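Numbering (this note's numbering), first residue to last: 62 to 599.
Beta carbons are placed, not taken as given, at the ideal position from N, Cα and C, and that holds for glycine.
Nothing here was measured: the structure is a model prediction, and the numbers come from that model.
Written below as structure tokens is the structure these notes are about.
Spelled out as structure tokens, the structure:
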């Protein structure tokens, strides 16, 4: 624990090595990374290496009760894995309750020595920029209260740049992130959205950005004045400093994108881009040239930005898109409700006297009490999981139209078993139940290709023909569009148990998750190795 003051509130927060955000981890593609974690806080915890493929190293993936039991207070665990076939920006974060609010940091993967970037090397330097969310309250207490009442959780108090909220918030001008640049030089910003519950617009006043990578995969470079980045996603962007800047400093701003019918943190955070040291204190910070960000619910701006992403698909970095598919799935993704049984589960402050829930195909994920990967390795599934997650909604309906009368969900720890090397297509369809909104879906253990997306209800007869199977973007986290759908493909070539979940933590807490159980292949290098000797016990 460390004592930190933000927004004139001083409190004790969980940190890694006393730092908030946590330390930057830098590796090269092909490196083996060993991270020894000692838990000195009064809570269980685990760490996830977000976006790392974890090829045959599922024991190091980190989501609590999926690939490991939590590290208990006073205990330790070594995460040991290789970084294979990936380069760019990823990140690490806690994966237990809402502890990742302060337990996070960048994971920078450099290319092998002697291998250049497929774009001009930034001559000004590289800057990790973690976009976060600050709560004056204890975030863990916030979600515990919400789960007790059945209502929506209290929202955050500020957005942050590398842990600093900046001058738009109460007594925070001194806590402003300042990016100092030299005229005429190019800088690479390694952007990470580490916010708990908010997709974010991002812009730099008077500057155009060039996007060159996303989720540690190179993309065909494209220019943008405003970016949209969802929780879990990363983006490498080039910022060209002006040779003769029209002003000595400019505002860098983030603000939320959401269509939620609930409350949200509708504030704007500001950092500075400075060609010369900025004088004049808080007043000068507040009068900087500012970017014009879209309205908080501007889904059109989000769709236009998302349409720009294409894999590099070069000879050196090919896009190995599955052209044929062994198994197709259709997942309806969204909110739902539980009936009020106040004697059993607290009060009922959700819609119309119910309790908030979230689901895929009407199944709300029940977090098990032991590790699913351990149960799979020991082939002891009874009482832990069932292999009957539905491949389509049990009752089809007009997903983006008027919601059905019954919005209650089922509960279970259900998985989809896959044979090794199965090619998979999943259409993720947003629903209008309790309001259509965007859901950033993250798949552990894999990258996937985003082969198609659109608004309204997915219609296979029309939409499949429009798939991009040539150079679709490769990601580990994709937002299911508000009142729309997205189609992804991947090859199940990594044995283990891999959770796929909404990276808005409130929705994960309500059960918006499922898991893929990928069986071993016939060869020795296609099998899950035994667990390490120090794996935590439940």
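A distance below 7 Å between beta-carbons, with the five flanking residues on each side excluded, links residue 69 to the following residues of its chain, in chain order: 231 and 232. Taking residue 464 as reference, the option from 218, 105 and 394 with the minimal CA-CA separation is 394. Under the criterion of beta carbons closer than 8 Å, residue 166 and residue 75 do not qualify as touching, at roughly 13 Å. Taking 8 Å as the cut-off, the beta carbon of residue 292 is found closer than this to the beta carbon of residue 254. Per DSSP, the continuous beta strand (DSSP E) segment holding residue 390 begins and ends at 388-399. Leaving aside the five residues that flank residue 111 on each side, the residues in its chain whose CB is nearer than 7 Å to its CB run, in chain order, 151, 152, 153, 154 and 293. Straight-line measurement puts the Cα of residue 309 at about 20 Å from the Cα of residue 315. Closest in C-alpha terms to residue 229, from the list 568, 103 and 342, comes 342.
The region 162-239 contains, as complete beta strand (DSSP E) runs of 3+ residues, the segments 165-171, 186-195 and 219-222 (chain order). In the DSSP assignment, residue 149 forms a beta bridge with 170. Across the structure, residue 597 and residue 430 are spaced so that their CA atoms are roughly 13 Å apart. Taking each of 322, 219 and 181 in turn and checking the Cα distance to residue 494, the smallest one comes out for 322. Looking from the CA of residue 283, the closest CA among 367, 209 and 260 belongs to 367.
The region 551-561 makes contact with the region 503-518; the number of CB pairs closer than 8 Å reaches 3 or more. Taking a 10 Å sphere around the C-beta of residue 585, we find fewer than 16 other C-beta atoms and assign the residue as exposed. Membership of residue 347 in any beta strand (DSSP E) is not indicated; the residue belongs instead to the alpha helix (DSSP H) covering 342-347. Going by DSSP, residue 318 is part of the beta strand (DSSP E) stretching over 310-318.
Of the candidates 449, 385, 239 and 193, 193 places its Cα closest to the Cα of residue 217. When DSSP states are grouped into helix, strand and coil, residue 332 belongs to the strand group. Non-local beta-carbon contacts of residue 312 in its own chain, meaning distances under 6 Å to residues more than five positions away in sequence, involve 266, 331, 349 and 351 in chain order. Counting other Cβ atoms within 10 Å of its Cβ, residue 146 stays below 16 and is therefore classed as exposed.
Secondary structure at residue 490: strand, using DSSP grouped into helix, strand and coil. Residue pairing of residue 298 in beta bridges, as defined by DSSP: 250 and 272. Here residue 64 is exposed: its Cβ has fewer than 16 other Cβ atoms, across all protein chains shown, within 10 Å. Sequence-distant Cβ neighbours of residue 421 in its own chain, meaning closer than 6 Å and more than five residues away, are 392, 394 and 575.
In this structure, the straight-line span from the alpha carbon of residue 386 to that of residue 402 is close to 43 Å. Going by DSSP, residue 283 is part of no alpha helix (DSSP H) but of the beta strand (DSSP E) stretching over 278-285. By alpha-carbon distance to residue 334, the top candidate from 251, 302, 325 and 358 is 302.
The Cβ neighbour count for residue 259, taken over all protein chains shown within 10 Å, is at least 16; the residue is labelled buried. Counting only unbroken stretches of 3 or more residues, the beta strand (DSSP E) elements lying wholly within the region 393-469 are 416-421 and 424-426, in sequence order. Around residue 205, the same chain offers no residue with a beta carbon nearer than 6 Å, after the five sequence neighbours per side are excluded. Classified as buried, residue 276 has 16 or more neighbouring CB atoms from the shown chains inside 10 Å of its CB. In the three-state reduction of the DSSP assignment, residue 577 falls in the strand class. Unbroken beta strand (DSSP E) stretches of 3 residues or longer found wholly inside the region 66-148: 70-74, 86-89, 93-99, 108-111 and 137-143, given in chain order. The C-alpha of residue 176 is placed about 27 Å away from the C-alpha of residue 530.
Under the three-state reduction of DSSP, residue 515 is assigned to strand.
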